[in-house]
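A.B. asks: What follows is a single structure, and I will ask about it in a moment.
Residue numbers (our numbering), protein chains in the order written: chain A, 1 to 248; chain B, 249 to 496.
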């Protein structure tokens, strides 16, 4: 059980409430999470309020790493699960905590898992959601869907604990599923693609963002593998070579 | 789905943090809980801190009912689920949130469900736990088991939502299980038993509490039915009559 949690990183994107950051640190300690990572926090994650709420989670608060963007914060995590309060964000299909968590733990590999939570007021942007292979929505009453950040974290960590315990109890064979490519590999590949597509005039400045988002969504839905990313980059290289050769 | 939640009451026993009470009110609104009930709160459940955390849960805070003891707070709820942070409390076996919640919703009757949460520092007493048929323990890391009150509430309400949605999706037949007797019926019966057992000298002042707890635990584990309570009281009445007749 503890194995999965010990390789799970919890990421908060631009949290603005110190009470929330402290509460989340306590939860991370409650569930034995490996690391708390903060992307440009909008408040002091180590002020009195945060430390008061963290209790024994203080040590996670002390060693929490800060990042300037989500991509950097998840760079070493091939499996990324994000959360959305919205009903539908149009590109990656939403799923239940159970479905996303079961997918995130279906590997015996040592690679890290990332659980990503957005801003208290606006959640994650579409661009940020596209960095995850699975996006969770927590079912609530239709009348009031907005959960407090730390409550959403409590529910997702409980699901992680529950799904992992269930797998152990059922003595289910660990499905040794291939990990997808890392966010960094995917991003480099997409940057490479974008540059080439701009060069050949397939993309224009004003269409780039929307079109590239569609390609990214496709790769994420496919849970693209490292060797497939290499394949794509090989194709790109070859095309670039062919184009440049022609121009001489 | 909403049906089960609309007949669920959430009970906090002697909560001492207004931030917690406010957070729980927000969660109740998030999950469409019918009523928030407070047993002798140790702080003002309507102060600024509570209202600030409650957000749209303010209306539940406004109409929250206060009680002087847990028994009164659950008097109308035949199905009572309590929570314990402890590993084992010796009398009623502990179970997972999933097991307790599945049992609590296995009825199509309109009778209310009670979800009971204890004090931030000490939880529920053994006597209070004995008022429930099912006692939940939430699995956490062995190193730091103490969950924040509102996080425990978030996890249990999410389980309620999840189990009920699962039942609907699977189109499972509603098991029309008989509701147990109400806490009031059980308590009256036990008081009656105690009085008689003292009268006949089976109980002494100093052994009463421990012995009566054992009888209560048995009835709770059996999920004693209303007609069985009537049967027991009939037996008691008859015995009392026989004893008194003999004394004349």
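C-beta atoms are modelled at their ideal positions from N, C-alpha and C, and glycine is treated no differently.
Model, not experiment: these values are computed from the prediction.
Please report whether the beta-carbon of residue 10(A) lies at a distance below 8 Å from any beta-carbon of chain B.
C.D. replies: Closer than 8 Å: no.
A.B. asks: Taking only beta-carbon atoms, is residue 85(A) less than 8 Å away from chain B?
C.D. replies: Not closer than 8 Å to any Cβ of chain B, the Cβ of residue 85(A) fails to qualify, so no.
A.B. asks: Going by the CB atoms, is the gap between residue 75(A) and residue 183(A) shorter than 8 Å?
C.D. replies: Yes; because the gap between Cβ atoms is below 8 Å, this pair is in contact.
A.B. asks: Can you give the Cα-Cα distance for residue 66(A) and residue 13(A), rounded to whole angstroms?
C.D. replies: Going from the Cα of residue 66(A) to the Cα of residue 13(A) covers about 10 Å.
A.B. asks: Does residue 204(A) come within less than 8 Å of chain B when only Cβ atoms are used?
C.D. replies: No, residue 204(A) lies away from the interface with chain B (no Cβ there is under 8 Å from its Cβ).
A.B. asks: Which value, in whole angstroms, describes the spacing of the CA atoms of residue 321(B) and residue 296(B)?
C.D. replies: So the alpha carbons of these two residues sit roughly 25 Å apart.
A.B. asks: For residue 275(B) and chain A, any beta-carbon pair shorter than 8 Å?
C.D. replies: Closer than 8 Å to some Cβ of chain A, the Cβ of residue 275(B) qualifies, so yes.
A.B. asks: For residue 265(B), tell me which candidate among 369(B), 390(B), 486(B) has the shortest Cα-Cα distance.
C.D. replies: Per the Cα distances, 369(B).
A.B. asks: Can you tell me where the beta strand (DSSP E) holding residue 362(B) begins and where it ends?
C.D. replies: 361-365 is the span of the beta strand (DSSP E), which, as asked, contains residue 362(B).
A.B. asks: By how many angstroms is the C-alpha of residue 459(B) removed from the C-alpha of residue 468(B)?
C.D. replies: Cα to Cα, the separation comes out at about 14 Å.
A.B. asks: Please name the residues in the region 120-146 of chain A whose beta-carbon is closer than 9 Å to at least one beta-carbon of chain B, in chain order.
C.D. replies: Of all residues in the region 120-146 of chain A, 138, 139, 140, 141, 142, 143, 144, 145, 146 have a Cβ within less than 9 Å of some Cβ in chain B.
A.B. asks: What separation, rounded to the nearest whole angstrom, lies between the Cα atoms of residue 249(B) and residue 412(B)?
C.D. replies: With a pLDDT of 49 at residue 249(B), under the threshold of 50, the modelled position of that residue is not reliable, and the figure given next carries that caveat. Straight-line Cα distance between these residues: approximately 6 Å.
A.B. asks: So, helix, strand or coil for residue 142(A), using DSSP?
C.D. replies: Looking at residue 142(A) - three-state DSSP - the assignment turns out to be coil, as it is neither helix nor strand.
A.B. asks: What three-state label does DSSP hand residue 343(B) in the structure shown?
C.D. replies: Reduced to three states, the DSSP call for residue 343(B) is strand.
A.B. asks: Beta-carbon of residue 365(B) versus every beta-carbon of chain A: anything under 8 Å?
C.D. replies: By this cut-off, residue 365(B) is not an interface position.
A.B. asks: Which chain A residues sit within Cβ distance under 8 Å of residue 403(B)?
C.D. replies: 154, 155, 158, listed in chain order.
A.B. asks: Beta carbons nearer than 9 Å to chain A: which residues of the region 291-305 of chain B have them?
C.D. replies: Those residues of the region 291-305 of chain B that come within reach of chain A (Cβ to Cβ, closer than 9 Å) are 301, 303, 304, 305.
A.B. asks: With a cut-off of 8 Å on the beta carbons, I'd call residue 117(A) and residue 153(A) a contact; round off their distance for me.
C.D. replies: Indeed they touch by this definition, with Cβ atoms about 6 Å apart.
A.B. asks: Spell out the partners DSSP gives residue 371(B) in its beta bridges.
C.D. replies: DSSP lists 367(B) as partners of residue 371(B).
A.B. asks: For residue 209(A), write down the residues that DSSP places opposite it in a beta bridge.
C.D. replies: Note: residue 209(A) sits in no beta bridge, so no partner.
A.B. asks: Using beta-carbon positions only, say whether residue 160(A) and residue 213(A) come within less than 8 Å of one another.
C.D. replies: Not in contact: residue 160(A) and residue 213(A) (Cβ atoms no closer than 8 Å).
A.B. asks: Would you grab the beta carbon distance between residue 58(A) and residue 51(A) for me? Rounded to a whole angstrom, and I think it's under 8 Å.
C.D. replies: Indeed they touch by this definition, with Cβ atoms about 6 Å apart.
A.B. asks: Measuring CB atoms only, is the region 76-87 of chain A touching the region 128-142 of chain A, in the sense that at least three cross pairs come out at less than 8 Å?
C.D. replies: Yes, the region 76-87 of chain A is in contact with the region 128-142 of chain A.
A.B. asks: Is residue 224(B) near residue 437(B), with beta carbons less than 8 Å apart?
C.D. replies: Limits of chain B in this structure are 249 at one end and 496 at the other, which puts residue 224(B) out of reach.
A.B. asks: Between residue 257(B) and residue 362(B), which are expected to be in contact by the criterion C-beta below 8 Å, what is the C-beta distance as a whole number of angstroms?
C.D. replies: Yes, they are in contact, since the Cβ atoms of residue 257(B) and residue 362(B) sit about 5 Å apart, within 8 Å.
A.B. asks: By alpha-carbon positions, which one of 40(A), 98(A), 69(A), 34(A) ends up nearest to residue 3(A)?
C.D. replies: Comparing Cα positions, the closest option is 34(A).
A.B. asks: If the cut is a Cβ gap below 8 Å, which residues of chain A does residue 271(B) touch?
C.D. replies: Ordered by position in chain A, the residues that pass the 8 Å Cβ test against residue 271(B) are 148, 151.
A.B. asks: Would residue 26(A) and residue 64(A) qualify as a contact pair, given that the criterion is a beta-carbon distance under 8 Å?
C.D. replies: No, they are not a contact pair.
A.B. asks: Anyone know if the C-beta pair for residue 279(B) and residue 395(B) falls short of 8 Å?
C.D. replies: No. Outside cutoff.
A.B. asks: Verify the CB distance criterion: does residue 20(A) have a CB-CB separation below 8 Å to chain B?
C.D. replies: No - not a single Cβ of chain B is within 8 Å of the one on residue 20(A).
A.B. asks: Report buried or exposed for residue 433(B), applying the criterion of at least 16 other Cβ atoms within 10 angstroms of its Cβ.
C.D. replies: Buried: at least 16 other Cβ atoms inside 10 Å.
A.B. asks: Can you list, in chain order, the residues of its chain with a C-beta nearer than 6 Å to that of residue 271(B)? Leave out the 5 residues immediately preceding and following it.
C.D. replies: Correct list, in chain order: 301, 398.
A.B. asks: Beta carbon of residue 352(B), beta carbon of residue 327(B): below 8 Å?
C.D. replies: Their beta carbons are under 8 Å apart, which means residue 352(B) touches residue 327(B) by this criterion.
A.B. asks: Just to confirm before moving on: does the CB-CB distance between residue 255(B) and residue 360(B) stay below 8 Å?
C.D. replies: Yes, they are a contact pair.
A.B. asks: What are the partner residues of residue 101(A), as DSSP defines its beta bridges?
C.D. replies: In the DSSP output, where bridge partners are listed per residue, residue 101(A) has none listed.
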